[in-house]
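Asks: Taking the numbering used here, the leading residue of the sequence shown gets 107, the next gets one more, and so forth. The C-beta atom is built at its ideal place from N, Cα and C for all residues, glycine as well. Have a look at this one.
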Amino acid sequence: MKTRMYENLQVSGAYRKMASQMFGEIHDLAKEKYDILYKLIGGWSESRTGWGAAECQMGNILKLAKGSLEGRKILDLGCGSINSTGGEYSGPGRRGFEPWLCRAMHELGIDHLGIDVGGNPGEEFNFHQADLIQPGSLDFIGDHSIDIANASMFFSSPNLAGMPGNRRIWDNLLPQLERVVKQEGFFLYSQL
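Put into structure tokens, the structure is as follows:
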């Protein structure tokens, strides 16, 4: 694969601080904006885990982008959803699987696209519903149009953890990423 792949980056204090400042700027706005949603599906306190994870992901993205996201397009694979399609994890901490990074990127004005098998009705961020396990699931994305593809916990998500043939997911998705990510772009993933 020509696209540079990174797993579980060690983010320096500078990029971590930058992400924290960015998220701090939108924290109150996001809490107020999504307050009705929070009340409907579990409350703000449970969502802080997802918010914190999104902040860490942003630190990783900023590191790869050398601190500037201006003019860059971020793809969030398995971005999370608020709608259950029947197989999603519904246990404790499920709020962490909501689309927190895409929500934050939307509020920050960062060019992004979130993709997930579950639906996100009522969300304002740029979203496409697709099953990333299926061949051709990224066909709607133009060649070499993505600067950074992010897949945080996608390959180890509760939906996929018990699925046989997990290697098939890699084999299907990596060639598609090679096509959509710019040659100087990155594929960032974590399995934690």
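Can the beta-carbon of cysteine 208 be found closer than 8 Å to that of glycine 220?
Replies: Contact: yes.
Asks: Looking at leucine 244 and valine 286, is the spacing between their C-beta atoms short of 8 Å?
Replies: yes
Asks: Whose CA, out of Leu168, Leu135 and Gln235, lies closest to the CA of glycine 186?
Replies: Gln235
Asks: Taking the runs of the alpha helix (DSSP H) that are 4 residues or longer, which of them lie wholly in the segment 215–278?
Replies: 264–267
Asks: Please state whether DSSP places arginine 209 in a helix, a strand or coil.
Replies: In the structure shown, arginine 209 sits in a helix (DSSP, three-state: H, G or I).
Asks: If I measure Cβ to Cβ from isoleucine 247 and keep anything under 6 Å in the same chain, skipping five residues before and after, which residues do I get?
Replies: Excluding positions up to five away in sequence, the list reads Val286.
Asks: Which value, in whole angstroms, describes the spacing of the CA atoms of glutamine 240 and glycine 173?
Replies: Whole-angstrom Cα-Cα distance: 34 Å.
Asks: Bridge partners for phenylalanine 292 per DSSP, in chain order?
Replies: Assignment of beta-bridge partners to phenylalanine 292 by DSSP yields Arg110 and Ile254.
Asks: Quick check: serine 258 and alanine 171, are their CB atoms within less than 8 Å of each other?
Replies: 8 Å or more divides the Cβ of serine 258 from the Cβ of alanine 171.
Asks: Is any beta-carbon of chain D found at less than 8 Å from that of arginine 274?
Replies: Looking at the structure shown, chain D is missing, and only one protein chain is on hand.
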